[in-house]
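Participant: Those letters in the sequence shown? Residues 84 to 324, by the numbering used here. For every residue, glycine included, the Cβ atom is placed at its ideal position computed from N, Cα and C. All of these numbers come straight from a predicted model, not from anything done at the bench.
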Amino acid sequence: MSKTVVNRFKDAASVAENTASALIKKLHDLLEIKPEIHLMLTGGTVGIASLAALNANSDRSGIDFGRVNLWWGDERYVESSSADRNALQAKNALLKNLQLDATKVHEFPSTDSGLTLEQAATEFAEHVNSVKPHFDIILLGMGPDGHIASLFPGKPEPTAGVWVIAESDSPKPPAKRLSFTYEALNSADEVWFVVSGADKQDAVAVAMGDNPTELPVGRVHGITLTQWFIDSTAGTKVFGC
């Protein structure tokens with residue numbers, strides 16, 4: 084049975100540090116019982132800060148990251164060298180300092196591929212289908228409008244059975260993106276939301292209110308656990324502090 088846990092912290096730095104600590108412990112526990120695992124990373128300010136905090140945490144040395152499959156919830160469809168790429172930001176914050184198995188790093192295609200956006204989505208969907216990942220943990224940030232990955236309010240929900248979509252008209256630039264769908268995200272054992280900032284308080288109030296599915300963030304949950312790492316400013320309307 085799925086449960087929801089809300090972890091509250093004073094500021095964004097505390098969110099990042101505590102997310103990193105909890106993730107190290109969870110990865111250790113999972114790798115004790117599984118030969119390999121699948122972890123989905125997120126971009127965004129606090130998402131990348133969490134990876135940087137993990138990099139700075141000495142306890143990470145006890146994790147065999149060569150047994151961790153890495154994915155991203157979404158990606159901007161730009162050049163691989165673009166600073167907008169979630170994968171590049173993750174590399175600079177953490178991944179370049181880890182001993183990884185390159186075959187287990189599953190980046191979305193970039194425009195370097197020469198593919199159209201739709202072709203890139205099809206190619207990556209085929210890759211996902213060949214790997215057939217079971218996501219152990221998904222990290223997700225959230226925009227002020229309640230979007231997650233590149234799933235935005237007001238957009239039609241993807242067709243059932245589709246795990247990867249092309250978003251050609253993102254309301255937040257750059258316009259072209261690739262994203263996992265609600266169905267893919269909801270396949271995860273655990274979903275961890277990492278959220279900070281006063282501009283998120285309205286969306287948090289909806290996500291934790293009576294009608295959470297009004298926004299994309301409220302349409303995603305882990306099979307066994309949905310966990311929030313949230314700072315005081317993002318939680319103001321819900322917790323009053």
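Let me check one thing: in DSSP terms, what residues is Gln202 bridge-paired to?
Facilitator: DSSP, once it has assigned bridges, lists no residue as partnering Gln202.
Participant: Just confirm the distance between the C-beta atoms of Ser279 and Ala317, as a whole number of angstroms; I'd bet it's less than 8 Å.
Facilitator: Indeed they touch by this definition, with Cβ atoms about 5 Å apart.
Participant: Helix, strand or coil: how does DSSP classify Leu114 here?
Facilitator: Helix.
Participant: Using the rule of at least 16 other Cβ atoms within 10 Å of the residue's Cβ for burial, across every protein chain shown, is Val277 buried or exposed?
Facilitator: Burial call: buried.
Participant: From the DSSP output, in three-state form, read off Ser141 for me.
Facilitator: Residue state, collapsed to three classes: helix.
Participant: What separation, rounded to the nearest whole angstrom, lies between the Cα atoms of Gly244 and Glu266?
Facilitator: If you take the alpha carbons of Gly244 and Glu266, they lie about 7 Å apart.
Participant: Could you tell me the alpha carbon to alpha carbon distance between Arg150 and Leu114, rounded to whole angstroms?
Facilitator: If you take the alpha carbons of Arg150 and Leu114, they lie about 8 Å apart.
Participant: Judging by CA-CA distance, which residue of Phe218, Ala288, Thr242, Arg260 is the nearest neighbour of Glu119?
Facilitator: Looking at the Cα atoms, Phe218 is the closest of the given residues.
Participant: Among residues of its own chain, excluding the 5 on either side of Gly305, which ones have a beta-carbon nearer than 7 Å to its beta-carbon?
Facilitator: Once the five neighbours on either side are set aside, the close Cβ partners of Gly305 are Ser85, Ala271, Asp272, Glu273, Val274.
Participant: Which residue wins for smallest C-alpha separation from Val211, given the options Asp94, Glu190, Asp293, Ser163?
Facilitator: Among Asp94, Glu190, Asp293, Ser163, the Cα nearest to that of Val211 is on Glu190.
Participant: Along the chain, where does the alpha helix (DSSP H) containing Gln284 start, and where does it finish?
Facilitator: 284 to 290 is the extent of the alpha helix (DSSP H) around Gln284.
Participant: Any idea if Asn152 is buried or exposed, counting beta-carbon neighbours within 10 angstroms, 16 or more meaning buried?
Facilitator: When all chains shown are included, Asn152 counts as buried.
Participant: Over the uninterrupted alpha helix (DSSP H) stretch that includes Phe322, give me the two end residues.
Facilitator: Start and end: 319 to 322.
Participant: If Leu308 sits next to Val88, beta carbons under 8 Å apart, how far is it from one beta carbon to the other, in whole angstroms?
Facilitator: That pair is a contact at about 7 Å.
Participant: Could you tell me whether the Cβ atoms of Gln284 and Lys320 are closer together than 8 Å?
Facilitator: Going by C-beta atoms, Gln284 is nearer than 8 Å to Lys320.
Participant: Check each candidate in Gly126, Leu177, Ile131 and name the one with the smallest Cα separation from Glu158.
Facilitator: It is Gly126 whose Cα lies nearest to the Cα of Glu158.
Participant: Given a cut-off of 8 Å on the beta-carbon distance, is the pair Ser57 and Thr102 in contact?
Facilitator: Since the first residue of the chain shown is 84 and the last is 324, residue 57 is not available in this structure.
Participant: Asn294: buried (16+ other C-beta within 10 angstroms of its C-beta) or exposed?
Facilitator: By the 10 Å Cβ count, Asn294 comes out exposed.
Participant: By the DSSP assignment, the beta strand (DSSP E) with Leu261 in it spans what residues?
Facilitator: It spans 260 to 263 - the beta strand (DSSP E) in which Leu261 sits, taken as one unbroken run.
Participant: For Asp195 and Tyr160, what's the separation of their Cα atoms in angstroms?
Facilitator: Their Cα atoms are separated by approximately 9 Å.
Participant: I need the DSSP call for Arg159, collapsed to helix, strand or coil.
Facilitator: It is a strand residue.
Participant: Identify every residue that forms a DSSP beta bridge with Asp314.
Facilitator: Paired residues: Phe92.
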